Amino acid sequence: MLERADLLVAEATARRTQTNETGRAAVLLPFVAAFARDEPVHAIDLGASAGLNLCLDRFAYRYVTPGPDGVRETRLGAGPVDMVCEWRGDGPPAGAIPMIASRTGIDLHPVDVTDADQAAWLEALVWPEHAHRRERLRAAIDVRRGMDVAMIAGDAAALLAEVEAGLPAGPLVIWHTVALYQAPAEVHTELDVVIADLSRRRRVLRLGMEPVVGMPDTQVRVGPSFDRGRLAATAHAHGRWVAPAYP
Ligand SMILES: C[S@@+](CC[C@H](N)C(=O)[O-])C[C@H]1O[C@@H](n2cnc3c(N)ncnc32)[C@H](O)[C@@H]1O
0 MLERADLLVA EATARRTQTN ETGRAAVLLP FVAAFARDEP VHAIDLGASA GLNLCLDRFA
60 YRYVTPGPDG VRETRLGAGP VDMVCEWRGD GPPAGAIPMI ASRTGIDLHP VDVTDADQAA
120 WLEALVWPEH AHRRERLRAA IDVRRGMDVA MIAGDAAALL AEVEAGLPAG PLVIWHTVAL
180 YQAPAEVHTE LDVVIADLSR RRRVLRLGME PVVGMPDTQV RVGPSFDRGR LAATAHAHGR
240 WVAPAYP
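Residues 0 to 246 in numbering that gives the first Met the number 0 are what the sequence shown lists, from first letter to last.
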């Protein structure tokens, strides 16, 4: 390794540390499913990176809930991406996989996983000892390559209204996972205004999973504003577990 240190330093300084964690799909899925019910929903991911989580309906989920009588398991979906998540809730996380009508990702710097080099870099950013995450990422990249996902480069707040205006009628879920904590306050304020406005035209769910200052785990919040949103769950940052916050 040391004899290739110069190459490694050159590569690492030329590239950005920008990940895409597919385990977060297991956190999103129950909330998207509860919102969608039996209707196909348009999905917009703000800070989507490579857009892998926009394929969340094509992954296989195993939610496990340990209890006094053993482990309850809920299996949902099918496919090569194997999601295992501890669901710390009373009932099952969801009854069915939601139907997705369209998939759009907005990111300041979209990652193109059809490019072998960019996909390899994404893989390189997974910590070496996290073999399961790496396998899951590879499988998700394969799924994503076969799907129609629109990726748009730019700022989420600046582009959201235009993206929404281009979608056919139907309910819309806008989510962001471990992304907007990077954005300045003006972006949060502008997004709140845009989402409040488009919520007057169609049924909208805004679902944020973000780190919050002073909290050890990410918070999942719902509502037109993340900052003033209702706490729906706390979750492990890589989606290892979700603890729903019942009202
Ligand atoms: C830590 S990565 C998380 C990516 C993905 N959401 C996930 O959960 O794996 C944060 C992403 O947010 C994007 N991002 C940050 N601020 C943004 C903004 N204002 N508009 C669009 N994308 C943004 C970054 O470019 C990066 O891809």
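Here a beta-carbon is modelled for each residue, glycine too, at the ideal position from N, C-alpha and C.
What you are looking at is a predicted structure, and each value in this text was computed from that prediction instead of being measured.
- In the DSSP assignment, R205 forms a beta bridge with I173.
- For T64, the enclosing beta strand (DSSP E) starts and ends at 59-66.
- Nearest in C-alpha terms to R229, of all of A244, T217, W240, is A244.
- A heavy atom of ligand 1 is found nearer than 8 Å to the CB of E20.
- The alpha-carbon separation between R132 and G22 amounts to approximately 8 Å.
- With fewer than 16 neighbouring CB atoms inside 10 Å of its own CB, L6 falls in the exposed class.
- In the three-state DSSP reduction, T18 falls in the coil class, being neither helix nor strand.
- Note on geometry: alpha-carbon atoms of G169 and E38 lie some 8 Å from one another.
- Under DSSP, the beta-bridge partners assigned to E72 are V63.
- For I105, the Cβ falls inside the 8 Å cut-off from some heavy atom of ligand 1.
- Around H237, the same chain offers E20, G22, R23, R132 as residues with beta carbons nearer than 8 Å, after the five sequence neighbours per side are excluded.
- Shortest gap from the CB of L179 to any heavy atom of ligand 1: under 8 Å.
- The alpha-carbon separation between T217 and A59 amounts to approximately 23 Å.
- DSSP, read as helix, strand or coil, puts W120 in helix.
- By the Cβ neighbour-count rule, M208 is buried, with 16 or more other Cβ atoms within 10 Å of its own.
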